[in-house]
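Given below as structure tokens:
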């Protein structure tokens with residue numbers, strides 16, 4: 001499968017725990033985006049990378065959230081001290097250029113108990 | 001930042017009829033407008049897109065129109081089929097962030 005992949009697909013955690021998600025973009029894509037989607041809403045932008053540089057973060061992103069893309073390939077999104085309000089689908093997308101087709105991964109569904 | 005509004009939130013049509021979903025945006029710098037289809041439990045998938053230098057684009061039963069002056073763009077699906085039932089999202093981008101609408105749940109009644 002040469003599409004965008006995400007792991008794990010589902011994560012259940014207790015409030016206060018840390019979680020980390022991984023995204024593997026399409027190999028030649030240099031832009032990688034993270035989104036959060038809650039039921040009945042469109043994807044909400046969190047952050048994006050061009051190669052290994054994190055170029056923009058949503059002002060809605062608290063300091064409990066951090067993302068990395070150390071070698072410009074896969075990316076990780078970590079949420080520290082999870083809260084129930086963090087429960088959502090976390091989507092990753094990659095693209096070759098700024099205004100080009102975004103290809104989404106299957107998402108990681110996070111449930112915080 | 002950009003603000004994208006999408007209407008209607010739900011839409012039911014009889015099989016074979018047309019469906020129209022409308023979006024407005026606020027940032028005149030937005031120059032790329034994709035539409036995504038998301039089936040239940042699946043990832044969003046691009047169905048059609050349009051760039052700001054084009055007023056209309058068509059792909060078989062799907063078309064998108066863009067009015068830059070009014071800052072709105074629309075998705076048109078003709079001869080709807082039950083498999084068109086899904087949630088549709090519009091988006092706009094000035095080049096960095098993608099801003100999504102809140103989605104339209106389309107139901108095609110056989």
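Protein chains in written order, with the numbering used here: chain A, 1 to 113; chain B, 1 to 110.
The beta-carbon is built from N, C-alpha and C at its ideal position, and this holds for glycine as well.
Since the structure is predicted, the reported quantities are computational estimates derived from the model, not experimental observations.
{"Item": "Residue 44 of chain A beta carbon less than 8 Å from that of residue 33 of chain A", "Value": "no"}
{"Item": "Positions along the region 88-105 of chain B whose CB lies within less than 8 Å of some CB in chain A", "Value": "89, 91, 93, 95, 96, 97, 98, 99, 100, 101, 102, 103"}
{"Item": "Chain A contact for residue 44 of chain B (CB, 8 Å cutoff)", "Value": "yes"}
{"Item": "Rounded separation between residue 27 of chain A and residue 10 of chain A - CA only", "Value": "24 Å"}
{"Item": "Contact list for the region 43-71 of chain B against chain A, Cβ threshold 8 Å", "Value": "43, 44, 45, 46, 49, 51"}
{"Item": "Three-state secondary structure (DSSP) of residue 83 of chain B", "Value": "helix"}
{"Item": "For residue 63 of chain A, the three-state DSSP class (helix, strand or coil)", "Value": "coil"}
{"Item": "Any chain B beta carbon closer than 8 Å to residue 102 of chain A", "Value": "yes"}
{"Item": "C-beta atoms of residue 26 of chain B and residue 71 of chain B nearer than 8 Å", "Value": "yes"}
{"Item": "Buried versus exposed call for residue 51 of chain B [16 or more other C-beta atoms within 10 Å across all chains shown]", "Value": "exposed"}
{"Item": "Neighbouring residues, chain D, relative to residue 41 of chain A (Cβ below 9 Å)", "Value": "Here chain D cannot be found, since the structure's protein chains are A and B."}
{"Item": "At least 3 beta-carbon pairs within less than 8 Å: the region 42-61 of chain B vs the region 74-90 of chain B", "Value": "yes"}
{"Item": "Chain-order list of residues whose beta-carbon lies under 8 Å from that of residue 3 of chain B (same chain, five-residue window excluded)", "Value": "25, 26, 27, 99"}
{"Item": "Between the CA atoms of residue 106 of chain A and residue 43 of chain B - distance to the nearest angstrom", "Value": "5 Å"}
{"Item": "Check: residue 30 of chain B C-beta below 7 Å from any heavy atom of the ligand PLP", "Value": "With respect to small molecules bound, the structure shown includes none, and the ligand PLP cannot be examined in it."}
{"Item": "Secondary structure of residue 50 of chain A, DSSP reduced to three states", "Value": "strand"}
{"Item": "Below-8 Å beta-carbon distance, residue 16 of chain A vs any chain B residue", "Value": "no"}
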